[in-house]
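Number of protein chains: 2
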Amino acid sequence: MNSAPAGEALIALYPILSQLTARARQRLEARAQLVQVPAGTTVFDERQACQGFPFVIAGGIRVVKAAPNGRELPLYRVTPGETCIISSACLLGQAPYNARGVTEADTTLLVVPTEDFQALLGEQAFRDFVFQLFSERIADLMQLIEEVAFRKLDQRLAALLLGKGQRLHTTHQQLADELGSVREIVSRLLKGLAEQGLVALSREQVEILDPAGLRRLAGN
Amino acid sequence: MNSAPAGEALIALYPILSQLTARARQRLEARAQLVQVPAGTTVFDERQACQGFPFVIAGGIRVVKAAPNGRELPLYRVTPGETCIISSACLLGQAPYNARGVTEADTTLLVVPTEDFQALLGEQAFRDFVFQLFSERIADLMQLIEEVAFRKLDQRLAALLLGKGQRLHTTHQQLADELGSVREIVSRLLKGLAEQGLVALSREQVEILDPAGLRRLAGN
DNA sequence: GGGCGTCTGTAACCTTGGTTACAGAGCCGG
DNA sequence: CCGGCTCTGTAACCAAGGTTACAGACGCCC
Chain A
94 MNSAPAGEAL
104 IALYPILSQL
114 TARARQRLEA
124 RAQLVQVPAG
134 TTVFDERQAC
144 QGFPFVIAGG
154 IRVVKAAPNG
164 RELPLYRVTP
174 GETCIISSAC
184 LLGQAPYNAR
194 GVTEADTTLL
204 VVPTEDFQAL
214 LGEQAFRDFV
224 FQLFSERIAD
234 LMQLIEEVAF
244 RKLDQRLAAL
254 LLGKGQRLHT
264 THQQLADELG
274 SVREIVSRLL
284 KGLAEQGLVA
294 LSREQVEILD
304 PAGLRRLAGN
Chain B
94 MNSAPAGEAL
104 IALYPILSQL
114 TARARQRLEA
124 RAQLVQVPAG
134 TTVFDERQAC
144 QGFPFVIAGG
154 IRVVKAAPNG
164 RELPLYRVTP
174 GETCIISSAC
184 LLGQAPYNAR
194 GVTEADTTLL
204 VVPTEDFQAL
214 LGEQAFRDFV
224 FQLFSERIAD
234 LMQLIEEVAF
244 RKLDQRLAAL
254 LLGKGQRLHT
264 THQQLADELG
274 SVREIVSRLL
284 KGLAEQGLVA
294 LSREQVEILD
304 PAGLRRLAGN
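Protein sequences, first through last, are from chains A and B.
In our numbering, each number is its position in the first sequence, counted from 1, plus 93.
In our numbering, each number is its position in the second sequence, counted from 1, plus 93.
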C-alpha cells in the first residue's frame with residue numbers, strides 16, 4: 094500500500110481485512126496499487142479480461158450493460174465498503190467481463206493483482222465477505238430481471254421515485270438513464286403521474302405528493 | 094443418507110464431496126434427506142423461506158421468474174452435479190426465495206438442512222465449489238438481462254434454436270415458454286425465419302437449414 | 001372412417017415504448 | 001437585456017410484441 098492513511102481508510106471501510114492473517118496482510122500491503130480515477134471513467138468493459146480486483150475506497154462505480162445502440166441499463170452500484178462481484182466472477186470463472194464499469198464520481202481504488210485476490214480468497218474471513226456480497230447481488234439481479242421482463246415503465250418509474258425523500262433533484266434524462274429508457278418517455282410518464290396527482294413537477298425537480306399511490310402503482 | 098447406492102451416486106455426481114473431512118461427511122450422511130419428486134412439482138417459490146439445500150441426484154429443476162399474469166421466464170436450470178445457487182443465496186443472505194423452482198422431470202433430491210449447509214460451507218473444498226457455480230450463474234444472469242432488455246425476440250429465438258443439433262423436436266409453445274413469450278409470436282417469427290430460408294418447419298419439428306445465417310441474426 | 005385433442009397458421013387489433021422533430025421555458029453569463 | 005445553453009413539453013409516427021379469435025391440419029384412438 095502506498096501510504097499509511099490509505100491503509101487505515103481501507104480497514105475502516107473493510108473491517109473484514111483486519112481479520113486477515115499477518116502474512117496475507119503483508120502481501121496485500123506490498124502489492125496492491127492505489128489508483129485515482131476521475132468521474133466518468135470506464136474502469137472496465139465488456140469482453141475485456143479482468144486485470145485485478147478493486148476495493149472502492151472513495152467515490153463509486155456504476156456497473157451497466159450497454160446496448161448496441163448506445164443505451165445503457167444500470168445493473169448495480171459499487172460503493173466504498175463493497176466489492177465488485179463481477180470482478181470476482183471474472184477472476185473465479187476465468188471469463189472476461191460481461192458488463193461495463195463507470196466511475197460515478199472521482200474515485201479512489203485499491204487494485205489487487207489477480208494472484209493476490211486468489212490468495213485472499215484462501216482467507217476464510219475474506220471469502221465469507223465475498224460470499225455475502227455475491228448472494229445479495231444475485232438477489233438484486235433477479236429483481237432486475239423481473240422488472241425488465243415484466244414491469245411496465247410507469248411502474249418502474251414509480252418504484253424509482255420512491256424512497257429518495259420527498260423532493261428529488263434530478264432531470265428527466267437522468268431518470269431515463271436509470272431505467273434504460275429515453276427522456277421523452279419519462280417526460281410522458283411523469284406527466285401522467287402528475288395528472289393523477291401523484292407527483293408535482295418543476296425544473297429539475299420531482300415532488301412526491303402521494304407516496305402510497307406511487308407504491309400501489311409500482312407494486313402491481 | 095438413506096441408502097448406500099444414493100451415497101455412491103452422490104459422490105459420483107459431486108466429486109467435491111469426497112474431499113470433505115470425515116466429520117462433515119458423517120454429519121451429511123446422518124442428516125440429509127433423500128426425496129423423490131415427480132415432474133412438474135414446484136419445489137420452492139417466491140417469498141418462501143428456504144428450508145434446506147438441495148443436491149440434485151437425478152432429473153432437474155428449472156428456475157423461473159413468474160409474471161403476475163402467469164407467464165414465466167426461465168432463469169437457468171439445475172442439473173445433476175450442480176447446486177441451486179438461489180438456495181445458496183437465500184441461505185447465506187437470510188432472505189426468502191425470489192424465484193420459483195419446478196422439476197422438469199421426475200427428480201431425486203438430497204436435501205440438506207440449513208444448519209448443515211452452513212457447516213458444509215466451513216469446508217474449503219465445498220465452498221470453492223459453490224463459489225465457482227456462483228460466478229458462472231452470475232455471468233448467465235447478466236447475459237439474460239442483456240437479452241431481455243436489448244435483444245429483439247427474433248434474435249433471441251434464433252439464438253435458442255442454435256446449438257441443439259440440426260433438427261429440434263419441440264412445439265412452438267415450448268419455444269415460447271423458453272423465451273417468456275407466447276405461441277402466436279413464435280409462430281410468426283418462425284414463419285419469418287422459414288421465409289428467409291433459415292429453417293424448415295413441420296409439425297413438432299424445426300430443421301436448421303442455415304446455422305450461419307441464424308448466428309448472424311442472433312449476434313446483432 | 002369418425003371424433004377428439006393437440007398443434008399450427010393467420011388476420012385484425014391494441015398497447016407499450018421508441019423515434020423524430022420541434023417549440024418553448026428557465027437560467028446564466030457577458 | 002440578449003444570446004446561448006440546458007431542460008421540458010408535446011405531437012406525429014413507427015415498430016415490436018401481445019391479445020383475441022378463428023380455421024384448418026395432423027395424429028390417434030375407438
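Beta carbons: idealized from backbone N, C-alpha and C, even for Gly.
Values in this document were obtained by computation on a predicted structure and should not be read as measured data.
Beta-carbon proximity of residue i to residue j, cut-off 7 Å
i, j, result
"B:A311", "B:A252", "yes"
"A:L286", "A:D303", "no"
"B:F243", "A:A160", "yes"
"B:L106", "B:G152", "no"
"A:L255", "A:L294", "no"
"A:A192", "B:M235", "yes"
"B:A132", "B:T196", "yes"
"B:F222", "B:I109", "yes"
"A:A182", "B:A232", "yes"
"B:V299", "B:L261", "yes"
"B:V279", "B:H265", "yes"
"A:V205", "A:A125", "yes"
"A:Q259", "A:I301", "yes"
9 Å Cβ cut-off: residues of chain A touching residue i
i, result
"B:L213", "Residues of chain A passing the Cβ test: none, with the nearest at roughly 13 Å."
"B:A269", "Correct list: empty, because the minimum Cβ distance to chain A is about 14 Å."
"B:L168", "M235 and I238"
"B:A198", "Result: empty, since nearest Cβ-Cβ is about 24 Å, beyond 9 Å."
"B:K85", "Lying before the first or after the last residue shown, residue 85 of chain B is absent from chain B, which here runs from 94 to 313."
"B:A188", "S228, E229 and A232"
Proximal chain B residues relative to residue i, where beta-carbon distance stays under 9 Å
i, result
"A:F137", "Chain B residues near A:F137: none, gap ~13 Å exceeds 9 Å."
"A:V241", "I238, V241 and A242"
Chain-ordered neighbours of residue i on chain A, where CB pairs are closer than 7 Å
i, result
"B:R220", "R220"
"B:L185", "F224, Q225 and S228"
"B:A311", "Within chain A, no residue comes near B:A311; the closest Cβ sits about 13 Å away, beyond 7 Å."
Per-residue contacts from residue i into chain B (C-beta, under 8 Å)
i, result
"A:I178", "I231"
"A:A117", "Ordered by position in chain B, no residue passes the 8 Å Cβ test against A:A117, which lies about 15 Å from the chain."
"A:A192", "M235"
Beta-carbon separation (whole angstroms), residue i vs residue j, contact threshold 8 Å
i, j, result
"B:I154", "B:T201", "That belief does not hold up - the Cβ atoms of B:I154 and B:T201 are roughly 11 Å apart, past 8 Å."
"A:E139", "A:Y190", "6 Å"
"B:E165", "B:V171", "That pair is no contact at about 16 Å."
"B:G145", "A:S228", "So it is not a contact: roughly 16 Å between Cβ atoms."
"A:P167", "A:L203", "Actually they do not touch by this definition, with Cβ atoms about 24 Å apart."
"B:R230", "B:Y169", "6 Å"
"B:E150", "B:L103", "Contrary to the premise, residue 150 of chain B reads as Ile rather than Glu in this sequence. Between B:L103 and B:I150 the Cβ distance is about 6 Å, and since that is below 8 Å, they are a contact."
"A:L113", "A:E216", "5 Å"
"A:D263", "A:L226", "Before going further, note that residue 263 of chain A is Thr rather than Asp in the sequence given. With a Cβ gap of about 27 Å, A:T263 and A:L226 do not count as contacting."
"A:V136", "A:G194", "5 Å"
"A:R309", "B:R220", "A:R309 to B:R220, Cβ: 43 Å. No contact."
Residues sharing a beta bridge with residue i, DSSP
i, result
"A:Y169", "A:V156"
"A:A293", "A:E300"
"B:V205", "B:F146"
"A:R164", "A:R164 pairs with nothing; no bridge assigned."
"A:F137", "A:G194"
"A:Q129", "A:T201"
"A:A70", "Outside the displayed span of chain A (94 to 313) sits residue 70 of chain A, for which this structure offers no information."
"A:R260", "A:E300"
"B:T114", "DSSP, once it has assigned bridges, lists no residue as partnering B:T114."
Residue i Cβ short of 6 Å to the ligand ATP heavy atom set
i, result
"B:F146", "The ligand ATP is not part of the structure shown, which contains no ligands of any sort."
Contacts that residue i makes with chain B (C-beta to C-beta distance below 7 Å)
i, result
"A:A182", "S228, I231 and A232"
"A:G273", "A242"
Inset, instruction - State whether the segment 111-126 of chain B contacts the segment 269-289 of chain A, with contact taken as three or more CB pairs (one from each stretch) at a distance under 8 Å. - result: no
Inset, instruction - Specify whether the segment 206-216 of chain A and the segment 256-274 of chain A touch according to this definition: at least 3 beta carbon pairs, one from each stretch, less than 8 Å apart. - result: no
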